[in-house]
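S.K.:
Numbering (UniProt numbering), first residue to last: 1 to 224.
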């Protein structure tokens, strides 16, 4: 490229015109070669339909800008995408029967969408969002984490790692509890101990309620 001196002399707007090939310097040739390589790389990534949309572009920069416009859209399109992405983010909840690993994967996918249109969430915002998205059974655990963790420094993957460890511990204790319960029932049957079913169920419910909070804190301290 070189200055169009005719326009410059007449105080017109600055313009640039293409150099002839024989006027290329060594630096010009290097830039032209890089542009050719870049265009070739971009061409190889496009299907036939997309190639038709950019075939009039003459430089790699023009191709890139055209592709950006096609995939990201104008400002209005970006705003609409951001609105939809934020709605998904705000409404996400852990589903009944969903494991923490499954929720981790789904939550991470939802977080990516706002990032793609320029919206970033800090560690604290993400941690609090995850905690609010969990069922009530997780309240004691999340309260303990808020008291013991610096949420500003808590990375999302570390948060989910802690929650998965807690989930595993709960499942292990639950399985152990079922095994103990079966043994107790078998022992009671051999002794022909009579007990009201309603009373037995109510006593079991009360014991579980009293011990649940203590178990949560024990598991939380163990994970930490």
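Glycine residues also receive a C-beta, built at the ideal position from the N, C-alpha and C atoms. A quick note: this is a predicted structure, and the numbers were derived from the prediction, not measured.
Whole angstroms are fine: how far does the CA of residue 65 sit from the CA of residue 47?
M.R.: So the two alpha carbons sit approximately 17 Å from each other.
S.K.: Taking the Cβ atom as the reference point for each residue, do residue 159 and residue 124 lie within a distance shorter than 7 Å?
M.R.: Not in contact: residue 159 and residue 124 (Cβ atoms no closer than 7 Å).
S.K.: For a quick check, are the C-beta atoms of residue 82 and residue 119 less than 7 Å apart?
M.R.: Closer than 7 Å, so yes.
S.K.: In chain order, which alpha helix (DSSP H) runs of at least 4 residues are fully inside the segment 53-108?
M.R.: For secondary structure counted as the alpha helix (DSSP H) over 4 or more consecutive residues, the segment 53-108 holds these complete runs in sequence order: 60-72 and 75-91.
S.K.: Rounded to the nearest angstrom, how far is the Cβ of residue 101 from that of residue 164, given a contact under 8 Å?
M.R.: Taking the Cβ atoms as the reference, residue 101 lies roughly 6 Å from residue 164, within the contact range of under 8 Å.
S.K.: I need the straight-line Cα distance from residue 38 to residue 74, nearest angstrom please.
M.R.: 24 Å
S.K.: Nearest by alpha-carbon distance to residue 148: which of 136, 162, 137 and 63 is it?
M.R.: 162
S.K.: Would you mind working out which of 36, 96, 89 and 60 sits nearest residue 108, comparing C-alpha positions?
M.R.: 89
S.K.: Can you look up residue 162 in the DSSP assignment and give me helix, strand or coil?
M.R.: helix
S.K.: Comparing C-alpha positions only, which one of 20, 98 and 121 sits nearest to residue 156?
M.R.: Of the listed residues, the one whose Cα sits closest to residue 156 is 121.
S.K.: Report all residues from its chain with a CB closer than 7 Å to the CB of residue 117; omit the five preceding and five following residues, and keep chain order.
M.R.: 78, 81, 82 and 85
S.K.: Let's test the definition: count the other Cβ atoms within 10 Å of the Cβ of residue 63 and tell me whether it reaches 16, buried, or not, exposed.
M.R.: buried
S.K.: Between residue 167 and residue 174, what straight-line distance do the alpha-carbon atoms span, to the nearest angstrom?
M.R.: 10 Å
S.K.: Report all residues from its chain with a CB closer than 8 Å to the CB of residue 126; omit the five preceding and five following residues, and keep chain order.
M.R.: 111, 156 and 159
S.K.: Looking only at its own chain, which residues have a Cβ that is under 8 Å from the Cβ of residue 99, when we skip the five neighbours before and after it?
M.R.: 167
S.K.: From which residue to which residue does the alpha helix (DSSP H) around residue 35 run?
M.R.: 26-44
S.K.: Using a threshold of 7 Å, state whether the C-beta atoms of residue 94 and residue 133 are closer than that.
M.R.: yes
S.K.: Would you mind giving the Cβ-Cβ distance between residue 35 and residue 59, rounded to the nearest angstrom? I have them listed as a contact below 8 Å.
M.R.: Between residue 59 and residue 35 the Cβ distance is about 6 Å, and since that is below 8 Å, they are a contact.
S.K.: Restricting to Cα atoms, I'd like to know which of 87, 115 and 129 is closest to residue 103.
M.R.: 129
S.K.: How many angstroms separate the CA atom of residue 30 from the CA atom of residue 68?
M.R.: 26 Å
S.K.: What does a CB cutoff of less than 6 Å around residue 43 pick up in its chain, not counting 5 residues either side in sequence?
M.R.: none
S.K.: Grab me the residues of residue 131's own chain with a C-beta within less than 8 Å of its C-beta, minus the 5 sequence neighbours each way, in chain order.
M.R.: 138, 142, 145 and 146
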